[in-house]
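Inspection log for the structure reproduced underneath, given as structure tokens.
Protein chains: 2
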Amino acid sequence: MSDQEQADRLYAMRHSLAHIMANAIQHLWPDVKLGVGPVVENGFYYDVDLGGEQLSADDFVRIEAEMHKIIKAAEPFERFEMPILEAIAWARDNEQPYKEELLNDLQRSGTTIAKDLDSAELGLPADGDSRVEKVSFYRNGDFTDLCRGPHVPSTDKVGAFKLMRVAGAYWRGKESNPQMQRVYGVAFATPKELRQYLDMLEEAKKRDHRRLGQELDLFVFSDLVGSGLPLFTPRGTIIRDELTKFAESLRYASGFERVAIPHITKTELYKVSGHWDKFGDELFLVESQETSDKFALKPMNCPHHNQIYASRPRSYRDLPIKYFETTTVYRDEKTGELGGLSRVRSISQDDSHAYCRRDQVELVVAGLIGDVQSLYVTLGMTLRARLSFRDASDKYLGDASLWEEAQATIRNLAEENKLQYFEAEGEAAFYGPKIDFMATDALGREHQVATVQLDFVQPERFKLEYVAEDGSTQRPVMVHCALLGSIERFMSVYIEHTAGRFPVWVAPEQVRIISVNQEAPTVDFVEKMAAQARKLGLRVGVDNSNESVGKKIRSAEVWKVPYTVVVGEKEMASGEVVPRIRGDMEVDSEHEPRQIDDFLETVVNESKSRVTKTSL
Amino acid sequence: MSDQEQADRLYAMRHSLAHIMANAIQHLWPDVKLGVGPVVENGFYYDVDLGGEQLSADDFVRIEAEMHKIIKAAEPFERFEMPILEAIAWARDNEQPYKEELLNDLQRSGTTIAKDLDSAELGLPADGDSRVEKVSFYRNGDFTDLCRGPHVPSTDKVGAFKLMRVAGAYWRGKESNPQMQRVYGVAFATPKELRQYLDMLEEAKKRDHRRLGQELDLFVFSDLVGSGLPLFTPRGTIIRDELTKFAESLRYASGFERVAIPHITKTELYKVSGHWDKFGDELFLVESQETSDKFALKPMNCPHHNQIYASRPRSYRDLPIKYFETTTVYRDEKTGELGGLSRVRSISQDDSHAYCRRDQVELVVAGLIGDVQSLYVTLGMTLRARLSFRDASDKYLGDASLWEEAQATIRNLAEENKLQYFEAEGEAAFYGPKIDFMATDALGREHQVATVQLDFVQPERFKLEYVAEDGSTQRPVMVHCALLGSIERFMSVYIEHTAGRFPVWVAPEQVRIISVNQEAPTVDFVEKMAAQARKLGLRVGVDNSNESVGKKIRSAEVWKVPYTVVVGEKEMASGEVVPRIRGDMEVDSEHEPRQIDDFLETVVNESKSRVTKTSL
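These protein sequence lines map, in sequence, to chains B and A. Just so we're aligned, residue 2 is where the first sequence starts under this note's numbering, counting upward by one. Just so we're aligned, residue 2 is where the second sequence starts under this note's numbering, counting upward by one.
So this is what it looks like as structure tokens:
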């Protein structure tokens, strides 16, 4: 079976399970009023109205048991069509007011009314003909539902599933409508795949960055400061700084120059850039009490950087001019959308803007692809690239030959750099083509991370210029790029990717030194060793507390410290230690005694070389 | 003569010169209406109303000549008193409406009305008795003026002076009042001191950081972004970063931990901190379009840092907890007050907050004083410290014994650290005593820079706690400190202090390599040398342009590059260069040929050790 065939089959399985679940619920609650039941990522849901009775996870056992009965019965799914007026009568007769409303809307206004719903839910043809005369139904056993399909041949062909949770959902997403209950299930082709998925969820729960953020004291939120506005503790700031420093080191090595801009601007800047119309309602507006100027918090950095470019005459010899900056932008996200670091209002970006001649685009983009690859190889994440190109529509601005040339360049570079890539026609921004990079984490989940975007429009809007070799005035091409993207969001990914077991170069505490007792010579020895390590640039913790050695070692484990050294009489006499290595970094069980200098030097080297997994 | 006697004498000279200037103007414009004429820093001014005639610098020659006549005449200054009603009649008879208004106000409302004026201008006793019955006058020759004095004995005892400029000034500073002309003069006890001062002004003009900022391409402003919001170019960002990195390195060495906070907060945070009432109208308010929360741009960092402290229970063993951060605060300064980097709206601070036990205050403050000293020694600026203590008033919050102890600690530390200091009673903040550091620049001007402030109030307001050894709950003492202060303002000082001739470690371009021609082998050699230098971490510029060597060398001088190397056949054959050293860094004239490796290594060491002036 091809990938597409497999995906289609899984879709049919999940959609059939939505019917089977609704069928089972109807067996158990005969008066249930049904909403819609689409396929979603990893599974399906159905919206049901039980007339005020609240479902809970406890009910899932009963529902699942009933579903298994229906599955076992191997009832065939049969498709049939009905004229729309007849369908409305059917819904009325069966006391299904939600279905009746949908059908009425369809009859009155055609498919346009139903934009809030997957058209598959409406029993409509896929091509979305707005003159609706007939709708299709699927029937299995005693259950009939308005549906476009497709379905599996019979109820026993649905793979493996599990009901997961129930949540409130307003009918058709409108707060003024009745609240229904949305029952979610996950489903896969085989029990093994289901098991893997559930295991992954279990592991993801343990790795939840919000939980680890609290356990490892990485960041906090404050009601007084506001939601979506994380405050990074010393430990979290180390991670943030180490990731940023690494990304910045790649920038410097690639000839980027750092600039520094304020976080606010007069709104005029965005009127020139065109962002005012696009971003207007995501802007935090800033009110000056001293002047009548209207300000905003910047939601992006390019217009500011353009002002630096525009501050001097530029010659073709000066190009490419490459600015970068790690700086925070602000976006006025809805409070409901905020959670942990995945989505925040204060978004720190490792942003860059290169201004280049047309003949330099290839070199500049190639350099950026190289930087993206260097970064994610070191972070231990594999990349996939989406080449987002234009389609035939006329919404794209800028010279067509420039587009064509740039897209060909991007495609060639993807090949040359052996990127795992796919092309997405119609996914380009209106201002230029782009490469979006997705990184796969340790649990196999994909996250959008770095991006490289060409921009043919801002240079025009800001009248950016350079004097060409022939003396003519030309517009540069702009290339936007972020390697980490949003550092907050990347941290949420990276904390879960590593499960908080950070490699030495990122770990907030790289070495912990434990004293076996609180006697002065031991404590002195420990403090001296710590001072030596700090002088070497290591981040060292000391545990001289009045606890047992076992408890101290467990504490170091809880904090996921890469190396733990216990100092007692033997170590003091020999000057040798046997470092305890954090489980995930251990490749063999040999724990040889090491000279302290030698051990510390190894850790320094491991940190400097940014090794992600190693053993001593 | 004691310092105080000298200062008093200079004050009398300057004040007498104000009278003499008014006298001279009255000779030349008999209808002049006089406002007030106080002593200001380095000189004096007088506000005059010439009935619409505009003075210009061209008039200064005539006025000065007339003043010299009066001076030469050695007219004694005579003091006499007049009952206030008689004085009003005198003003009316002499057609001096401004004086008449002042005297009328005085008669009606006592001294309180005249808060906008120096009481010396009002002929009032210094102790500010609000029942005004008599006022004093001074007379010399044909000129009489309402005045408290004191004056020099006669007009020939006024030292050396020069008229500087004339500017519009509203009568008593109110826009609704008539605009007068304010004529400024500078004056010193001797011609030599005047000459020195004028030379300093000339030099300061050349060093004006706004001018150097433009010439050396360090920062720019944009009308689209707004006034008071500088954008730092790559060169300016290097200076900013180097200064910041140095300040941060001192923090790390002193055990401070970096944290990271957002630039906005709900205004609730400032209601708790108490800043809302104090800073309310300097706040940039931020409007969320998505939520009803009220936000503000942070004008200081302490309340945010307090939220990190408060996020976990703290034990006496954890203290001192020392956070630092280089971050930008925003203050809504009046547009009229903004100019260059001296006063901006986006203020980057190298801010720190230490939370400590009462018995740790001394150690923490001592560490901070040490950091301040290390910083300014390296920057080549001498420091003076003002110990700002409480007075007997009851405006100070916090335990009195804590104040006493803390002030004694500060005084002891000032002695121990051999600070050049003075005590200023009544200059403490209401929340605690502080040390304000003033640095003297190369032109002898003093600038407020670092500050160390104790705070007994915020821990109380935020209910910050730690568990003491005896199990009781205690409040920590907070110590605020900035080493550079506002980095923008410090840059304005430092650019002028160095005249843009930055030491190697700060210089945006440390070495410039010039090719004698544009032939491939020379250009290759230059590029290879540049690559080698960059690998060593040096900031290198290359000039391969089609200009004469002389012109290229002059260009390197204009950009104030510390080291310039010219590469031609001789250098390529020998592998040796004779670096040109920027004038101010040269201590002898010997320019020996140096092996390239050897030369580059010297520059690296000079940069790493942050030498401020040196020679190869």
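Quick reminder that beta carbons are idealized off the backbone N, C-alpha and C, glycines included.
Y432 of chain B is positioned such that its CB atom lies closer than 8 Å to that of V458 of chain B. Our two residues, R149 of chain B and V37 of chain B, have alpha carbons roughly 12 Å apart in a direct line. Counting along the chain, the unbroken beta strand (DSSP E) around H481 of chain B starts and ends at V478 to S487.
Per the DSSP secondary-structure output, D544 of chain A pairs in a beta bridge with A:I515. Taking 8 Å as the cut-off, the Cβ atoms of A190 of chain B and L147 of chain B do not count as close.
Within the segment 91-107 of chain A, no residue places its CB atom closer than 8 Å to a CB of chain B. Annotation: the segment 152-221 of chain A contains the following complete segments of the beta strand (DSSP E) (minimum length 3 residues), in chain order: 161-171 and 180-189.
Runs of alpha helix (DSSP H) with 4 or more residues, each lying fully within the segment 288-342 of chain A, are found at 303-310, listed in chain order. Only residues of its own chain outside the window of five on either side were considered, and among them F390, R391, D392 and S394 have a CB closer than 8 Å to the CB of G427 of chain A, listed in chain order. Remark: C-beta atoms of S347 of chain B and T329 of chain B approach each other more closely than 8 Å. The CB of S347 of chain A comes closer than 8 Å to the CB of P263, H264 and I265 in chain B, given here in chain order.
D48 of chain A and A355 of chain B have their C-alpha atoms roughly 55 Å apart. Using a C-beta cut-off of 8 Å, the segment 191-207 of chain A makes no contact with the segment 224-238 of chain B, since fewer than three inter-stretch Cβ pairs fall below that distance. A buried status is given to E326 of chain A, since no fewer than 16 other beta-carbon atoms sit within 10 Å of its beta-carbon.
In this structure, V366 of chain A lies near L414 of chain A, with their beta-carbon atoms less than 8 Å apart. For R241 of chain A, the nearest beta carbon of chain B is closer than 8 Å to its own beta carbon.
For the C-beta of Y331 of chain B, the chain A residues within less than 9 Å are, from N- to C-terminus, P263, H264, I265 and V287. Inclusion of V550 of chain A and V567 of chain A in the CB contact set at 8 Å is warranted, their separation being smaller than that value.
Collapsing the DSSP output to three states places M382 of chain A in coil. If you draw a straight line from the Cα of P580 of chain B to the Cα of E528 of chain B, it is about 17 Å long. Excluding its 5 nearest sequence neighbours in each direction, E466 of chain A has C-beta neighbours in its own chain below 6 Å: T474, listed in chain order. Its Cα nearest to that of H481 of chain A, the residue A:C357 stands out among A:T499, A:C357 and A:T383. Within the segment 265-279 of chain A, the residues whose Cβ lies closer than 8 Å to some Cβ of chain B are I265, T266, K267, E269, L270 and V273, listed in chain order.
The three-state reading of DSSP puts Y422 of chain B in strand, counting E and B together.
Within chain A, P263, I265 and T266 have C-beta atoms less than 8 Å from the C-beta of L230 of chain B, given in sequence order. Boundaries of the alpha helix (DSSP H) harbouring L11 of chain B: D4 to L29, taken from the DSSP string. Here R502 of chain A carries a coil assignment [DSSP, helix/strand/coil]. Distance from the Cα of E416 of chain A is smallest, within the candidate group A:H16, A:L18, A:I370 and A:L86, for A:I370. Distance from the Cα of A311 of chain B is smallest, within the candidate group A:Q5, A:T410, A:T523 and A:T234, for A:T234. Around G237 of chain A, the same chain offers L219 and F220 as residues with beta carbons nearer than 6 Å, after the five sequence neighbours per side are excluded.
DSSP places R581 of chain B within a strand segment (E or B) once states are collapsed to three. When C-alpha distances from N545 of chain A are compared across A:L539, A:G538 and A:K553, the shortest belongs to A:K553.
By the Cβ neighbour-count rule, Q511 of chain B is buried, with 16 or more other Cβ atoms within 10 Å of its own. Ranked by how close their Cα comes to the Cα of R166 of chain B, the residues B:T603, B:L11 and B:G44 have B:G44 in first place. 8 Å or more divides the Cβ of D352 of chain B from the Cβ of A254 of chain B. Residues of chain B whose Cβ lies closer than 7 Å to the Cβ of D294 of chain A are, in chain order, G227.
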